[in-house]
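Enquirer:
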Amino acid sequence: KRICDLMVEILVRGKQFDDVWGMIEDMERYDFAVPADCFTVLIRSYGRVGMVREAIGVLEEMVDFGCKPTVDCHNAVLDVLVENNRFEEVQGIYKRMQLAGPKPDSITSNIIMYGLGKSGNVGEARRLLEELNRSVCVPDVVTYTTLIVGLCKAGKVFEARDFVDDMIKEGFEPDVVTYSSLINGFCKIRKMEESLELFAEMADRGCVPNVFTYSTLMNGFCKVGRLDDACRVLKEMSQLRCIPNIVTYNTLIYGLCNVGRLDDARGIYEDLVAQGYTPSVETFNILIDGYCKAGWLDNSFELFHKMWGHGCPPDVCTYSTMIYGLCKAGRIENAVELMDRMRNKGCLPNAVAYNTLLDGLCKANRLDDARKLFDEMWKDGCNSDVFSFNTYIDCLLKLGRLDEALPVYKDMLANGFLPT
RNA sequence: CCCGUUGAACUAUCGA
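Heads up, the first sequence is in the numbering used here, so the first residue is 24 and it goes up one at a time.
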């Protein structure tokens, strides 16, 4: 037990994987049984720093130390794989567990369920639930909630809602996470009345909303421009002694930006800083985006430069936002420069960043540059999505290059993207 | 206090 605590300490604070392996070797040398928990911790730590191969490798290596890989270790590996979207490998390990052990437990099932939802495979997710109901490995509230989240992400929110009734029938009480997830699902499709109904229903069932629930509702109202309702939610939560956190405030800042009240939004930010509150990178991104959309580029840059001082260096969203603002203002050259600068800072552009610049180039009729960028997007693999094709094809058509657009369209279909 | 094998909230891109 104590050994494990020590390892956690070393891994969480210093990420000194070699030291931990050294400890394990020492223990082996002195004939100490290494607790399997230690390896679980090790797997999770590898996962946290993105060392997926090493995380998987622990399963094999622990055998060399006379440790049987437990179901917990397997679960940890599965979770790391799901977090990294390595779904094929997840299925592989899961199948192997079913056949050769260790026997999957309910946590295994929940991780598999999470993976199915994350990959948009909701049909399989539903099937998994049925399968679990028929087996010894019963689902629990987490299984249901995870399925509900998956369905919501796939846009099947009403179907997700029905599962709440199902789970109650099966004797599982939905908890605050279940309700918050479903409320979020309805908020995302702008069905605020349904969200509020659920909010009332959870209260009826004695389920107490938390800061997630309230922030979710606020965000829903902000998205549809109902800032006053969002503020009412904020007031209610405060009266009920539910303390707003940075996400709550970010949501409020977003809501103010969304109705054009940029100065009030900035005021909230200034208040937070004045009170010693730490803004998050999202705080900056929201405000910078507000300024960009309003064409106040100077304000955007001013905040952009302040980010480092607040311990929030710009991330790929920040750069995309700034690129968008620069393109919108016709400063294409600066946008291209910023893309280079982000790379130099070690921030790799993702599909959105590329698309933003691509769209800027297209709208500026710079077909040659757009073509170059479009080809470049493919170099690193999955940096292209259906929006890239939309943008590029639209550009070609506007410039009368139907001949060039058609092969691109075929390419899009060949890559499994459906026209929107 | 943080950490702990599984679930929920905030930010960026095209088009309609």
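Heads up, the beta-carbon is just placed ideally off N, CA and C, and yes, glycines get one too.
Remember, predicted model here, so these are calculated numbers, not experimental data.
Could you tell me the alpha carbon to alpha carbon distance between TYR237 and VAL180, rounded to whole angstroms?
Expert: 19 Å
Enquirer: Assuming the contact rule is C-beta atoms closer than 8 Å, ASP321 and THR344 should be a hit. Round their C-beta distance to whole Å, please.
Expert: Actually they do not touch by this definition, with Cβ atoms about 15 Å apart.
Enquirer: Using a Cβ-Cβ cut-off of 7 Å (strictly less than) and excluding sequence neighbours within five positions of ARG10, which residues of its own chain qualify?
Expert: Summary: the structure shown does not reach residue 10, with the chain confined to residues 24 through 443, and so no result is reported for it.
Enquirer: Please check the pair ILE66 and VAL43, which I expect to be a contact at CB under 8 Å, by giving their CB distance rounded to whole angstroms.
Expert: So it is not a contact: roughly 11 Å between Cβ atoms.
Enquirer: Kindly provide the ranges of any alpha helix (DSSP H) runs that are 4 or more residues long and lie completely inside the stretch 298 to 370, ordered along the chain.
Expert: 304 to 317, 320 to 329, 339 to 351, 355 to 367
Enquirer: In terms of residue numbering, what span does the alpha helix (DSSP H) encompassing ARG52 cover?
Expert: 40 to 52 is the extent of the alpha helix (DSSP H) around ARG52.
Enquirer: Is the beta carbon of CYS418 less than 9 Å from the beta carbon of LEU381?
Expert: Taking 9 Å as the cut-off, the beta carbon of CYS418 is found closer than this to the beta carbon of LEU381.
Enquirer: If contacts are defined as beta-carbon pairs under 8 Å, then CYS265 and VAL234 qualify, I think. What distance do you get, rounded to the angstrom?
Expert: Rounded, the Cβ-Cβ distance is 6 Å, consistent with contact.
Enquirer: Please work out which residues of its chain come closer than 6 Å, Cβ to Cβ, to ASN107, disregarding the five sequence neighbours upstream and downstream, and give them in chain order.
Expert: VAL75
Enquirer: Report the rounded CA-to-CA distance for ARG157 versus ASP189, giving the unit in angstroms.
Expert: Using only the alpha carbons, I get a separation of about 15 Å.
Enquirer: Please state whether the Cβ-Cβ distance between GLY124 and VAL172 is less than 9 Å.
Expert: No. Outside cutoff.
Enquirer: Classify ILE171 as helix, strand or coil using the three-state DSSP reduction.
Expert: Reduced to three states, the DSSP call for ILE171 is helix.
Enquirer: Let me confirm a value: TYR277 is counted as buried when at least 16 other C-beta atoms fall within 10 Å, else exposed. Which label applies?
Expert: Label assigned to TYR277: buried.
Enquirer: Report the rounded CA-to-CA distance for GLU305 versus ASP163, giving the unit in angstroms.
Expert: For GLU305 and ASP163, the distance between alpha carbons rounds to 33 Å.
Enquirer: When the Cα of THR93 is compared with those of VAL431, CYS61, ASN357, which residue comes out closest?
Expert: CYS61
Enquirer: Taking 9 Å as the cut-off, decide whether the C-beta atoms of ILE134 and LEU101 are in contact.
Expert: yes
Enquirer: Flag this pair as yes or no: are the beta carbons of LEU155 and VAL161 separated by less than 9 Å?
Expert: In this structure, VAL161 lies closer than 9 Å to LEU155 by Cβ.
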